[in-house]
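Trainee:
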Ligand SMILES: Cc1ncc(C[n+]2csc(CCOP(=O)(O)OP(=O)(O)O)c2C)c(N)n1
Ligand SMILES: Cc1ncc(C[n+]2csc(CCOP(=O)(O)OP(=O)(O)O)c2C)c(N)n1
Ligand SMILES: [Mg+2]
Ligand SMILES: [Mg+2]
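Chains as they are written, first to last, in this note's numbering: chain Y, 1411 to 1745; chain L, 1411 to 1745; chain W, 293 to 626; chain C, 293 to 626.
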């Protein structure tokens, strides 16, 4: 624990530790918070994100469910109606497909269907993302699909501090939040995390690197790569801004417009396959908001239009520093 | 039945009749074709799309299933492995959410997971789309979500003739096809349909109206509205092209690029909600392929970012001729 | 065995007659193009009304499918008011006001069963008394949600009563194509919970079964699956033509066991019911639905209500869309 | 009752020992960072091997979950070859060649059960002899897919054998938190099909149960649900630490009933097995897996194989992506 300028203290934590601490803190703060999911209680989660909650808060508030993603999601609707604040885990985002009718059709629509009678104060956590050689459906980036399901907020932190601040906000939020945790970030991302209450409002993007030649717009683990690219191009005299969206719904349209207006050139990076990925939405938003300030077409860096591949092809599929660097250079050459 | 210039004959059919005739023809042509779904046999489908198949081809080839969308989709995988050509119906596209883990995780990936050992010659038909005052989840346009699930082809006819030609191709196609039928088009769209074998390759867009001031790019029922707008603006001296994508996967990128290059201005119309809708993908594609020929930003006309609403608000939600017209005018004023 | 008193039976019959009458009126309104799709209640009255009369409206939740609302008036007149708004396609139809413990209609089959399990589970977590009663059809029992929810309810011992309304049809699909199980109650074995089959046309039997299941649940003994066997006497909905698939002789036989007639007969024998009561109740029913319909029709609705209640507050995108929507309306108005 | 002959039992034991030995080697390869996540077979050998020895490999399909492949060598050496490619993360691992009737591993729990129902249904539609045998765990039985598939199989009378491998754990979740049903076999009542429980450590009992279910299916009598009760003797996978949750005394007891030891004992008594046989078989197993591993490692793979076999032919977009991918690789190579 170290002191910061503004009088607070920080701890150096991995993203996983930040998530775990936040769950502890939120359960302690509000006894309506309950955690449910596969292996979240006795085992503390397959990645240990829920470690210690069962021991601390007991079997009523931390519940190992049967392997039934649909009813995990569906039960949160009932729990919310009964006045609780469910924080459910889907063990891997790819298995949210099993729960899609509950997530898209019910969780996302509870407030709308009942015209505000019920508050879906529901958080669904799920790990996802590439680079750690998991079996199929463990790594898939499905955020764009969820973004097209109106009624869900989709939060995708890129740093340990944000994981804390955004998860706390998500749990306290009266709207349903899908909180997506990058597998590579669990232990691969660490940094100073403010101690005590730390809240970051949903829908406010973060400038991860300042710069004005070109902006890389991205979210989740890809922010880490984008920053590395920005830093390395900096030595070549290129000024690369990195905009971390933090949440794709709500989308900080204003921050995107500002960044693109100032830089004139943009690269959007995502891990999902290209067609219908969320990068397309960012491009469309740029087109609408600041077309006239574009000095070159926006370049997308995405996965390819195939299912997330097996381990030996993973590094070809997932955008890496080389592909991002090439895209940045290309953007600067265009126009 | 009337004769055409090229010696063939045509019949005047509704889109529904065209679909029904094609199912009859394909089942007669290939005895590996089996039809399964809720109420498809004895009742001939809730919209009569499968009318008469049960009587003609019998209970083994035309099967009423229990209300289990997941296993309807999942069984098609097994049927395809066993050498059959399943044509399954999901009664309304919104209930494909119940089957998403089978559609996105299995149907779409069978060829990829087995590296070509098995051919997923699977067609999933489903009605969708607004304007007919159905209860919730009956009208939702989910094509963008499916487009982000690599491995599925997504076919969305806009005319009766195309419904025939594209459905026949879809059934004969060795890849899995999601064949989406606009509810408003079932009886609301009719036209000359070639008799006999009529095949339209997947992935080739159709110019529904010629024009060079601006192009409206769209698919499914919205093509009908776009054509009406084009026709009515024609009388004002505006030359509005309409590009009917016919399928969004495969996407006819070349046709989009050509049309936009020639017109310089584009409007993309869709029924889904805006964020993450497929219109965003079209805008991103335009940005990539022909940014420099754009004389103004592309304008999207979409549903709003809320769940598909109840009947009294439906006409506010679904793009109509007025909104498309306004968008076309705005595009022409911009820049 | 808990048998409803004669007075209770009479209240049950009143609600049944009202439901039947209003359902008929709604059918006609649909035929006149005044409301959207209607799913008639005919044949379901004893099951729905008797089941909910066994509940404590203050504490127990009702989680319906879509055929129940007209038969839930015991939970308050707001149910009918909302249902008329819903039938018109007005968004306010989904807002059944606090403190009424009834969820709105569910269209996505089976999805309401996990909700009911969640509600009842939540009540135990908050140490609140009460149960959740969830209705679902024979057809809906084929959805994974039914099984996943039943299985979870068994494991966590949730105070939920799962009421499978077996009306022998799911649109055109008869029960023998829906499952090969001997009965829907048999499916309880998969969850390790009790399963019982009752004659759903017998209000007393339904009342008793629900009452017992409810007492078990309140005593901490967990969920019960009840199958109420009835027959769908009307069409699936106004969009359906049952003459294409329902064998006339079956329907004929079922009509002879009409639950409303059966209970009316019984109460007539006890001198608790007569033609006058019947007519007065029907008239009351029509008066209620007509004034609810009028009220619904005059409930205001602004176009941008479309965007309300998606999120607790508008996002940047929704704010932009609201602006565009209002602008578009202004342009049209001019 | 059909009892495997002593010769068959010996073949079964050979396959069991080979599976166990190879699983151990694979575990070590994973620990050395040479292959991806491994799910050990320990404790499952009798169930998997005996069940598949009751099948006709030419006609009957095997639809596995993920723990089975090493125990399926009766279907041909290609299974091991593919599994080693799979373990390396090579895409060819998914291509178990024609005419072998074994599907690749399934990771998405329960999704393979509808596939098996579809395959077996398809065989009846094509009037082909044969059944499908599908493996799934106790945990997977909680997925909607299991129930929807079982229910459909019951209705269409599909020739499928649903084999629930109850190894008492689903990662850290014990069976009593998975279901309150008395047994997994009990769930058959929900489908109206027979359900039987067997001692999954008893090769003869498993063989007999599968043989009988298969004969029923071939005779047109429909599906059977078999629950094989065993105990997971190893970790869930290489990513798991069972000492966090498996009670040591339970594991100890289960080890005393190790299926490999049990059958070996039996065959030793019959003089059909001895230390030499054991050692030779283990050596053979290691030889086989090591050469399969070497072959897998030297199987070529080009980066743009990433884009193969998504569709039958490249779409415009895929063609563009293929070009970009190759270009990117060239840039990097320079
Ligand atoms: C998930 C889902 N699949 C399909 C439908 C279409 N559908 C509406 S009602 C119905 C039949 C329902 O039958 P049952 O559950 O027995 O209820 P009943 O209408 O007989 O009261 C079907 C298939 C739906 N609404 N939701
Ligand atoms: C749909 C789905 N949900 C969750 C998981 C994560 N997961 C992998 S294995 C496993 C436990 C499976 O238990 P069981 O079916 O009993 O098989 P076992 O490992 O015991 O052989 C879980 C939860 C998954 N792979 N798929
Ligand atoms: Mg029914
Ligand atoms: Mg298990």
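Backbone N, C-alpha and C fix where the C-beta goes; we use that ideal spot for every residue, glycine too. None of these values were measured; they are calculated from a predicted model.
Listed from N- to C-terminal order along the chain, which residues in the region 315-342 of chain C have their beta-carbon within a distance smaller than 8 Å of any beta-carbon of chain Y?
Mentor: Result list: 328 and 329.
Trainee: Counting only the same chain and skipping the five closest in sequence on each side, list residues whose C-beta sits under 6 Å from that of residue 1692 of chain L.
Mentor: Translated into the one-based positions of the second chain, residue 1692 of chain L becomes position 282. Within the same chain, residue 1692 of chain L has close Cβ partners 1627 and 1678.
Trainee: What is the rounded straight-line gap between the Cα of residue 1620 of chain L and the Cα of residue 610 of chain W?
Mentor: The sequence position of residue 1620 of chain L within the second chain is 210, counting from 1. The sequence position of residue 610 of chain W within the third chain is 318, counting from 1. If you take the alpha carbons of residue 1620 of chain L and residue 610 of chain W, they lie about 35 Å apart.
Trainee: Do the region 475-491 of chain C and the region 414-427 of chain C make contact, defined as three or more Cβ pairs closer than 8 Å?
Mentor: Verdict: no, contact absent.
Trainee: Per DSSP, which one or two residues make a beta bridge with residue 1657 of chain Y?
Mentor: To locate residue 1657 of chain Y, count along the first chain from 1; it is residue 247. Answer by DSSP bridge pairing, in chain order: Y/1565.
Trainee: Let me know the secondary structure DSSP gives residue 1698 of chain Y once reduced to three states.
Mentor: Counting from 1 along the first chain, the entry for residue 1698 of chain Y is found at position 288. Looking at residue 1698 of chain Y - three-state DSSP - the assignment turns out to be helix.
Trainee: May I ask whether a heavy atom of ligand 3 can be found less than 6 Å away from the beta carbon of residue 430 of chain W?
Mentor: The residue labelled residue 430 of chain W in the question sits at position 138 within the third chain. Checking the Cβ of residue 430 of chain W against ligand 3 gives yes.
Trainee: Does ligand 4 have even one heavy atom less than 6 Å from the beta-carbon of residue 462 of chain C?
Mentor: Start at 1 with the first residue of the fourth chain, and residue 462 of chain C comes out as number 170. Because some heavy atom of ligand 4 lies under 6 Å away, the Cβ of residue 462 of chain C counts as near it: yes.
Trainee: Taking 7 Å as the CB-CB limit, is residue 1687 of chain Y close to chain W?
Mentor: Residue numbering aside, residue 1687 of chain Y sits at position 277 when the first chain is read from its first letter. Answer no: the Cβ-Cβ gap between residue 1687 of chain Y and chain W never drops below 7 Å.
Trainee: Reducing DSSP to helix, strand and coil, say where residue 346 of chain C ends up.
Mentor: Working through the fourth chain from its first residue, we reach residue 346 of chain C at position 54. Three-state result, residue 346 of chain C: coil.
Trainee: Please name the residue in Y/1723, Y/1699 and Y/1713 whose C-alpha comes closest to that of residue 598 of chain C.
Mentor: Position 306 of the fourth chain, counting from 1, holds the residue named residue 598 of chain C. When only C-alpha atoms are compared, the closest one is Y/1723.
Trainee: Check whether the Cβ atoms of residue 534 of chain W and residue 545 of chain W lie closer than 7 Å to each other.
Mentor: Start at 1 with the first residue of the third chain, and residue 534 of chain W comes out as number 242. Start at 1 with the first residue of the third chain, and residue 545 of chain W comes out as number 253. Cβ distance not < 7 Å, so residue 534 of chain W and residue 545 of chain W don't count as in contact.
Trainee: Any chance the region 348-365 of chain C sits against the region 380-399 of chain C, with 3 or more Cβ pairs inside 8 Å?
Mentor: With the cut-off at 8 Å, the region 348-365 of chain C and the region 380-399 of chain C touch.
Trainee: Can you find the residues in the same chain that come closer than 6 Å, C-beta to C-beta, to residue 375 of chain W, ignoring five residues on each side of it along the sequence?
Mentor: Looking up residue 375 of chain W in the third chain gives position 83. 361, listed in sequence order.
Trainee: Give the range of the alpha helix (DSSP H) segment to which residue 379 of chain W is assigned.
Mentor: Residue numbering aside, residue 379 of chain W sits at position 87 when the third chain is read from its first letter. Looking at the DSSP string, the run of the alpha helix (DSSP H) that includes residue 379 of chain W is 370-380.
Trainee: With distance defined between alpha-carbon atoms, name the residue in Y/1657, Y/1643, Y/1639 and Y/1644 nearest to residue 1730 of chain Y.
Mentor: Position 320 of the first chain, counted from the start, is the residue given in the question as residue 1730 of chain Y. The candidate whose alpha carbon is nearest that of residue 1730 of chain Y is Y/1639.
Trainee: Using the C-alpha atoms, what's the distance from residue 301 of chain W back to residue 501 of chain W?
Mentor: Counting from one through the third chain, the residue named residue 501 of chain W turns up at place 209. Counting from one through the third chain, the residue named residue 301 of chain W turns up at place 9. When rounded, the distance between both Cα atoms is 15 Å.
Trainee: Opposite residue 456 of chain W in the DSSP bridges: which residues?
Mentor: Locating residue 456 of chain W in the third chain gives position 164, where the first residue counts as 1. Answer is W/428 and W/519, bridged to residue 456 of chain W.
Trainee: Could you tell me how far apart the beta carbons of residue 491 of chain C and residue 521 of chain C are, in whole angstroms, since I believe they sit closer than 8 Å?
Mentor: Taking the fourth chain and counting its residues from 1, the one referred to as residue 491 of chain C is at position 199. Taking the fourth chain and counting its residues from 1, the one referred to as residue 521 of chain C is at position 229. At roughly 6 Å, the Cβ-Cβ gap stays under 8 Å, so residue 491 of chain C and residue 521 of chain C are in contact.
Trainee: Distance check for residue 1706 of chain Y and residue 1744 of chain Y, CA to CA, integer angstroms please.
Mentor: What you label residue 1744 of chain Y is simply residue 334 of the first chain in a count that begins at 1. What you label residue 1706 of chain Y is simply residue 296 of the first chain in a count that begins at 1. Distance between the alpha carbons of residue 1744 of chain Y and residue 1706 of chain Y is about 6 Å.
Trainee: Would you list the one or two residues that DSSP bridges to residue 1421 of chain Y?
Mentor: Looking up residue 1421 of chain Y in the first chain gives position 11. Note: residue 1421 of chain Y sits in a beta bridge opposite Y/1603.
Trainee: Is residue 624 of chain W buried or exposed, if buried means 16 or more other CB atoms sit within 10 Å of its CB?
Mentor: Locating residue 624 of chain W in the third chain gives position 332, counting from the first residue. Exposed.
Trainee: What residues from chain C crowd round residue 434 of chain W, counting only those whose CB sits closer than 7 Å?
Mentor: Mapped onto the third chain, residue 434 of chain W falls at position 142. Chain C residues near residue 434 of chain W: 440 and 443.
Trainee: Give, in chain order, every residue of the region 1483-1517 of chain Y whose Cβ lies closer than 7 Å to some Cβ of chain W.
Mentor: Going along the region 1483-1517 of chain Y in chain order, one finds 1484, 1485, 1486, 1487, 1488, 1489, 1491, 1492, 1493, 1494, 1511, 1512, 1515 and 1516 with a Cβ nearer than 7 Å to chain W.
Trainee: Take residue 1668 of chain Y as the anchor and find which of Y/1652, Y/1725 and Y/1680 has the nearest alpha-carbon.
Mentor: On the first chain, position 258 is the one that residue 1668 of chain Y refers to. Closest by alpha carbon: Y/1652.
Trainee: Name, in chain order, the residues that DSSP records as bridge partners for residue 1447 of chain L.
Mentor: Locating residue 1447 of chain L in the second chain gives position 37, where the first residue counts as 1. According to DSSP, which records beta bridges pairwise, residue 1447 of chain L is partnered with L/1474 and L/1499.
Trainee: Assuming residue 317 of chain W and residue 578 of chain W make a contact with CB atoms under 8 Å, what is their CB distance in whole Å?
Mentor: Taking the third chain and counting its residues from 1, the one referred to as residue 317 of chain W is at position 25. Taking the third chain and counting its residues from 1, the one referred to as residue 578 of chain W is at position 286. 6 Å between Cβ atoms; contact.
Trainee: For the putative contact between residue 1529 of chain L and residue 1521 of chain L, defined by C-beta atoms under 8 Å, what is the C-beta separation to the nearest angstrom?
Mentor: Taking the first residue of the second chain as position 1, residue 1529 of chain L is located at position 119. Taking the first residue of the second chain as position 1, residue 1521 of chain L is located at position 111. Indeed, because the Cβ distance is near 7 Å, the residues count as touching under 8 Å.
Trainee: Who are the near neighbours of residue 1566 of chain Y in its chain, counting only those whose CB is closer than 6 Å to its CB and skipping five residues on each side?
Mentor: In the first chain, residue 1566 of chain Y corresponds to position 156, counting from 1. So the list reads 1590, 1629 and 1630, once near-sequence residues are dropped.
Trainee: Count the other CB atoms within 10 Å of the CB of residue 1538 of chain Y; is the residue buried (16 or more) or exposed (fewer)?
Mentor: As a first step, residue 1538 of chain Y must be located in the first chain, where it is residue number 128. When all chains shown are included, residue 1538 of chain Y counts as buried.
Trainee: Less than 7 Å between the beta carbons of residue 1557 of chain L and residue 1658 of chain L, yes or no?
Mentor: The residue labelled residue 1557 of chain L in the question sits at position 147 within the second chain. The residue labelled residue 1658 of chain L in the question sits at position 248 within the second chain. For residue 1557 of chain L and residue 1658 of chain L, yes; Cβs fall inside 7 Å.
Trainee: With a threshold of 6 Å, establish whether the CB of residue 493 of chain W neighbours any heavy atom of ligand 3.
Mentor: What you label residue 493 of chain W is simply residue 201 of the third chain in a count that begins at 1. No; taking the cut-off as 6 Å, the Cβ of residue 493 of chain W has no heavy atom of ligand 3 nearer than that.
Trainee: Which residues in chain L have a C-beta closer than 7 Å to the C-beta of residue 1715 of chain Y? List them in chain order.
Mentor: Translated into the one-based positions of the first chain, residue 1715 of chain Y becomes position 305. Going along chain L in sequence order, the residues near residue 1715 of chain Y (Cβ under 7 Å) are 1560.
Trainee: If you drop the 5 nearest sequence neighbours on each side, which residues of the same chain put their C-beta closer than 8 Å to that of residue 1633 of chain L?
Mentor: By one-based count along the second chain, residue 1633 of chain L stands at place 223. If we look at residue 1633 of chain L and ignore the five residues flanking it on each side, its Cβ neighbours are 1568, 1569, 1618, 1652 and 1654.
Trainee: Against chain L, does residue 1673 of chain Y count as a neighbour if the rule is that its beta carbon must be under 7 Å from one of theirs?
Mentor: Translated into the one-based positions of the first chain, residue 1673 of chain Y becomes position 263. Chain L contact via Cβ: absent.
Trainee: So, for residue 1487 of chain L: in the same chain, excluding its five sequence neighbours on each side, which residues have a beta-carbon less than 8 Å away from its beta-carbon?
Mentor: The residue given as residue 1487 of chain L occupies position 77 in the second chain. Excluding sequence neighbours, residue 1487 of chain L sits near 1512, 1516, 1517, 1520, 1530 and 1532.
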